[in-house]
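Asks:
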Amino acid sequence: GNAAATGAPPAIVAGDPDKPLSEVDKFILDNRLDQNAASQLRGEKEDVQKTVMSQGPLVNCRNPGGALMSRIRAARVGQTVYRPPGSALQPPAAPMQALSAALPAATPAAPTPAT
828 GNAAATGAPP AIVAGDPDKP LSEVDKFILD NRLDQNAASQ LRGEKEDVQK
878 TVMSQGPLVN CRNPGGALMS RIRAARVGQT VYRPPGSALQ PPAAPMQALS
928 AALPAATPAA PTPAT
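Per our numbering, the very first residue in the sequence shown carries number 828; after that it's consecutive.
#1: Using only the alpha-carbon positions, how far apart do V943 and I855 sit?
#2: Could you pull out every residue in the same chain whose Cβ sits closer than 6 angstroms to the Cβ of A894, ignoring the five residues on either side in sequence?
#3: Any idea what DSSP makes of R889, helix, strand or coil?
#4: Would R898 be called buried (16 or more neighbouring beta carbons within 10 Å of its own) or exposed?
#5: To the nearest angstrom, how far is the alpha carbon of G883 from that of K846?
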């Protein structure tokens, strides 16, 4: 059987109940990406896909497709467009350690108001 001959557009996610959605498909659905953006993301190498998805949701962007494309272009050259707060110049290897180390210092105990 030739799966490509079914005539279904490639960007439509087939609702196969036996097969869980891939990370990429879930990202595409969650961010309501159009067919062009979806097929662009699917066509990228896995490390590019991971870099793009690690930058968080695109749902709040005015133009999610355009934001996706700029993330893909940056990911291809090893950069990220959007850095979540707190990850300024951390090497990608240890963001969680740096984050958890910074947390206790960054959140001083709030004085309890007198009742």
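Built from N, CA and C at the ideal position, the CB exists for glycine as well. Since the structure is predicted, the reported quantities are computational estimates derived from the model, not experimental observations.
Replies: Result, derived from the coordinates:
#1: The chain is shown only over 828 to 942; residue 943 falls outside these bounds and no answer can be derived.
#2: Against the sequence shown, residue 894 aligns to sequence position 67. These residues qualify, in order along the chain: L885 and C888.
#3: Here the question's residue 889 lines up with position 62 in the sequence shown. Note: R889 maps to coil in three-state DSSP.
#4: Looking up residue 898 in the sequence shown gives position 71. Counting Cβ neighbours within 10 Å, R898 comes out buried, since at least 16 surround it.
#5: On the sequence shown, position 56 is the one that residue 883 refers to. On the sequence shown, position 19 is the one that residue 846 refers to. Whole-angstrom Cα-Cα distance: 24 angstroms.
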